[in-house]
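Peer 1: This is the structure I have questions about; it appears just below.
Residue numbers (this note's numbering), protein chains in the order written: chain A, 54 to 420; chain B, 991 to 1291; chain C, 541 to 843.
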């Protein structure tokens, strides 16, 4: 029947009309700096955040102090969050993207510039967090929490005298004896990046030959791995599933504290270099309550709230004024040599078109 | 049903042993899940001593409670609507020839075949553009949230229900329906007292399937959701990065207990209220071969 | 529910006598069918076909430097990328795993569903509900529970040690992925099988046995063909999700090989290459749709 053949073209046409009509109506209110006063509120606050990253009590405190209601939803990856916020009409006023994602959001005009006049407490941010590659002028983002990516080992198996190098994972001479008990992150940029650093290249290399070399290295190490795992790497280490784990500092610290003998495990950034990641606070382009969001950012940057945040989620704070308020275990961990050696650290940034090469390389390495 | 057609002797024993093994397989991880809900520690993989703190935690955790509540409401609403639409669709496809039937047939399979993420992305784009248009043309300020999640769930559940109901309808004899019609039953009564009881097990199975699909969905929900409308699976998925804690186990156990309780209650109620043709999961064969009096009366009046 | 209950012989007679009557009847039937289908039809057009059209449009677009999608410069680049040998390997590996999962589910579920369908009404209800109950817990924690069972101190390692197979750990192997997939899809096989076996008139089996057919012959010649619609529906409900699975392979398999599901997720959510993700989905859906229709048609003929 003729009408049946026309069904799918009809649907596509309808879809096209919808896309075109919606595009024509883009009344972007991004790009403009919100006109807000310090501590001004202009409605309720909807936060889109990583799970278990802020205490509900702390949100309730803000809600009470400024008489607005606060709702928080959670996401599990930067990319999922970016898709949702970037599509528009997400309804969120504050998001917490990681470093490289900030530059992507800025490029996609998905976030609005901050009104720094409304955030005087920005002065509390440590000088280590200025001139960041993902947001050079700091016009769009304020650091929320940060940490490093490195290696954690079980000293009961490795002893205390092991080389502090990515070679523990990539060098057959060091790694073969622990075959089947090693885990790498299931993340193209982190894992290919670790191999690049082991080879002496930059984490953000966009050289195809260097990438190929790193891909081959990961592919050769694959048979020694228990798993590529981002979410449970810390847990595998302390349950004995692995003895060498590629992972994030904060996760490792939290996990070590869970065991009866935290000193049995050691976390360090290898001497070839590691990643410094920074999660930030930014405001979506179509936020409904941008001023409340500014007020929240400013409030969270006070020394007391900054310390409370870190003490609850166990990650390091970029807030220099808050450091003294951190609990003792966290202060000890953060000042341990090798946990956060700024001179060895590099941030991951968006490489544009080359991101596809990283993702393809990782799939190739896995086979 | 005469007992002679039931499997006997060795066959019966083998079948029953097999069924027990299947149940052990089904419940082994559930057992682990329950045990770890009492574990004192953040890990779901290492036993840390007995505690009830996670159950306490559930009642203190507003976010997880609201997530459970949203999940349940979405699951029930989307199941009810998709069961009605899906069953009608199955009837139309199995029993009628109509214009556009083939296209409809294909369209009905797509939600099952489409990869999760693709459906998620497509619903995201659709809702954000659809709402933008509504805003521009009619000044309607609609937000993604409970409604858009439910709409997306219905969109895939219609297909799951109709596949199961069609499996039931396919090849089912139409003799009884013809007989009822020949005996001057109205079409509605024929459907109500002949067709419906016969397809009931299929409808019930479809409903259970839809309920499960809805309770398990993560990606589509995440992309169709808006502020304040997080379902349990989306919340739990978010927890992955910091490690899923026994809080989720405790929540699961509480939901499990509640559903077992509800099921037991409804079974008891069915037993209590007699063996009417309304028993939820009862097969059509008995319902038809032992029609109750009211049914006879209404059909033949 | 056939409203036009015209038997063939009647039909012929009617056609010969009054062709108008036959036409009118078939028109009426067509109208009723459409009317029944309409709510679901309209719903799916608005909330599925149109959104699908949007993704279709995206599949011909280009990824821009920042991982957004530029809706201009239409091309087939994304489809061309699917010819990559790596995509082919992933496809075959995933197909193999999905077929195996479907077969195992069928073999495990069939006797179970048959046993269930031959119980009394109360037992049957209870059995059915107890199939579903485990699946009302959270999907992720179920997978984590399997991790505990299959891990280095888990039940399976202890059993294999006890029966002298040595310390064999299943976690992070393909077997672990298989177990996880079978576990996750079993109810999707059991439900349609149950719905269609329950319908079969069991006196046919009795008749077959009375005529000295063996149990196996009865199964092969009577029971199985009659339950074919359930077998087909169940196979599709198991096969399709297994082909697209990505959470279970990552949790239980350690993400050491890439399967189709995670490849698509990677395209959308890691590489942020929506055109490739979309085009791959379309190719996959087209293949599956054709396979499904063919499977149904041949299955239907075997009835």
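Using N, Cα and C, we set each Cβ at its ideal position, and we do this for glycine too.
I need the straight-line Cα distance from residue 420 of chain A to residue 268 of chain A, nearest angstrom please.
Peer 2: Rounded to whole angstroms, residue 420 of chain A to residue 268 of chain A spans 11 Å at the Cα level.
Peer 1: Have a look at A/358, A/378, A/415 and flag the residue whose alpha-carbon is nearest the alpha-carbon of residue 273 of chain A.
Peer 2: Of the listed residues, the one whose Cα sits closest to residue 273 of chain A is A/415.
Peer 1: Is the shortest distance between the beta-carbon of residue 71 of chain A and the beta-carbons of chain B less than 9 Å?
Peer 2: True, the Cβ-Cβ gap to chain B drops below 9 Å.
Peer 1: Three-state secondary structure (DSSP) at residue 205 of chain A?
Peer 2: Strand at residue 205 of chain A.
Peer 1: Since residue 333 of chain A is in the beta strand (DSSP E), which residue starts that stretch and which ends it?
Peer 2: First-last of the beta strand (DSSP E) with residue 333 of chain A: 327-334.
Peer 1: Check whether chain C comes within 9 Å of residue 1068 of chain B, counting only Cβ atoms and requiring the distance to be less than that.
Peer 2: It does not: the Cβ of residue 1068 of chain B has no partner Cβ on chain C nearer than 9 Å.
Peer 1: If we count Cβ pairs, one from each stretch, closer than 8 Å, do we get three or more for the stretch 668-687 of chain C versus the stretch 1198-1215 of chain B?
Peer 2: The answer is yes - the stretch 1198-1215 of chain B touches the stretch 668-687 of chain C, with three or more Cβ pairs under 8 Å.
Peer 1: Have a look at the DSSP bridge pairing and note the partners of residue 278 of chain A.
Peer 2: Per DSSP, A/235.
Peer 1: Return the CA-CA distance between residue 290 of chain A and residue 1230 of chain B, expressed in angstroms with no decimal places.
Peer 2: Roughly 16 Å separates the two Cα atoms.
Peer 1: Which chain C residues are close to residue 1239 of chain B, counting only those with a beta carbon under 8 Å from its beta carbon?
Peer 2: Simply 681.
Peer 1: Using a Cβ distance threshold of 8 Å, determine whether the stretch 179-193 of chain A contacts the stretch 281-297 of chain A, with at least three qualifying pairs required.
Peer 2: No: fewer than three Cβ pairs fall under 8 Å.
Peer 1: Counting Cβ pairs closer than 8 Å, one from the stretch 1063-1076 of chain B and one from the stretch 1136-1153 of chain B, do we hit at least three?
Peer 2: Yes: at least three Cβ pairs fall under 8 Å.
Peer 1: Please classify residue 807 of chain C as buried or exposed, where buried requires at least 16 neighbouring CB atoms within 10 angstroms.
Peer 2: Per the 10 Å Cβ criterion, buried.
Peer 1: Closer than 9 Å between beta carbons: that is the criterion. Which residues of the stretch 657-682 of chain C meet it against chain A?
Peer 2: Residues passing the 9 Å Cβ filter: none.
Peer 1: Using beta-carbon positions only, say whether residue 1233 of chain B and residue 282 of chain A come within less than 9 Å of one another.
Peer 2: The answer is no: Cβ separation not under 9 Å.
Peer 1: Over the uninterrupted beta strand (DSSP E) stretch that includes residue 125 of chain A, give me the two end residues.
Peer 2: Unbroken beta strand (DSSP E) run through residue 125 of chain A: 123-128.
Peer 1: Taking its Cβ as the centre, do 16 or more other Cβ atoms sit within 10 Å of residue 276 of chain A, making it buried, or is it exposed?
Peer 2: Flag for residue 276 of chain A reads exposed.
Peer 1: Here's the rule: buried if 16 or more other CB atoms are within 10 angstroms of the residue's CB, otherwise exposed. What is residue 614 of chain C?
Peer 2: By the 10 Å Cβ count, residue 614 of chain C comes out exposed.
Peer 1: Going residue by residue through the stretch 153-193 of chain A, where are the continuous alpha helix (DSSP H) segments of at least 4 residues, counting only ones entirely within it?
Peer 2: Counting only runs of 4 or more, we get nothing.
Peer 1: So which residues on chain C does residue 1087 of chain B lean against when the C-beta distance must stay under 8 Å?
Peer 2: Under the 8 Å cutoff, chain C gives 566, 569, 570, 573.
Peer 1: Does the count of Cβ pairs from the stretch 218-228 of chain A and the stretch 247-255 of chain A closer than 8 Å reach three?
Peer 2: Yes: at least three Cβ pairs fall under 8 Å.
Peer 1: Whole angstroms are fine: how far does the CA of residue 1013 of chain B sit from the CA of residue 1025 of chain B?
Peer 2: Rounded to the nearest angstrom, the two C-alpha atoms are 18 Å apart.
Peer 1: Helix, strand or coil: which one does DSSP assign to residue 103 of chain A?
Peer 2: The answer is strand: DSSP assigns residue 103 of chain A an E or B state.
Peer 1: Using the beta-carbon of each residue, which ones in chain B are nearer than 8 Å to residue 291 of chain A?
Peer 2: Neighbours of residue 291 of chain A on chain B, chain order: 1033, 1036.
Peer 1: Which residue or residues does DSSP assign as beta-bridge partners of residue 1029 of chain B?
Peer 2: DSSP, once it has assigned bridges, lists B/1040 as partnering residue 1029 of chain B.
Peer 1: Which same chain residues, not among the five before or five after residue 1114 of chain B, have their C-beta less than 6 Å away from its C-beta?
Peer 2: For residue 1114 of chain B, where only same-chain residues beyond five positions count, the Cβ hits under 6 Å are 1213.
Peer 1: Under 8 Å by Cβ, that's how I've got residue 1146 of chain B and residue 1101 of chain B pegged, so tell me the actual separation to the nearest angstrom.
Peer 2: With a Cβ gap of about 4 Å, residue 1146 of chain B and residue 1101 of chain B count as contacting.
Peer 1: Verify whether the separation of the beta carbon atoms of residue 227 of chain A and residue 325 of chain A is less than 9 Å.
Peer 2: Not a contact, by the Cβ cut-off of 9 Å.
Peer 1: If you measure from the beta carbon of residue 686 of chain C to each beta carbon in chain B, is any gap under 9 Å?
Peer 2: At least one chain B Cβ lies under 9 Å of residue 686 of chain C.
Peer 1: Say whether the stretch 737-752 of chain C touches the stretch 633-644 of chain C, bearing in mind that this needs 3 or more beta-carbon pairs closer than 8 Å, one atom from each stretch.
Peer 2: Verdict: no, contact absent.
Peer 1: With a threshold of 7 Å on Cβ separation, who are the neighbours of residue 730 of chain C within its own chain once the five nearest residues in sequence on each side are excluded?
Peer 2: Same-chain partners within the cutoff: 649, 652, 653, 671.
Peer 1: Among residues of its own chain, excluding the 5 on either side of residue 329 of chain A, which ones have a beta-carbon nearer than 6 Å to its beta-carbon?
Peer 2: Hits under 6 Å: 201, 398, 400.
Peer 1: Can you give me the start and stop residues for the beta strand (DSSP E) that residue 318 of chain A sits inside?
Peer 2: Segment 318-321, the beta strand (DSSP E) holding residue 318 of chain A.
Peer 1: How about residue 300 of chain A and residue 388 of chain A: are their beta carbons less than 9 Å apart?
Peer 2: Not a contact, by the Cβ cut-off of 9 Å.
Peer 1: For a test of the three-state rule: what should DSSP assign to residue 1135 of chain B, helix, strand or coil?
Peer 2: Residue 1135 of chain B: coil per DSSP, three-state reduction.
Peer 1: Classify residue 1134 of chain B as buried or exposed, calling it buried when 16 or more other Cβ atoms lie within 10 Å of its own Cβ.
Peer 2: So residue 1134 of chain B ends up on the buried side.
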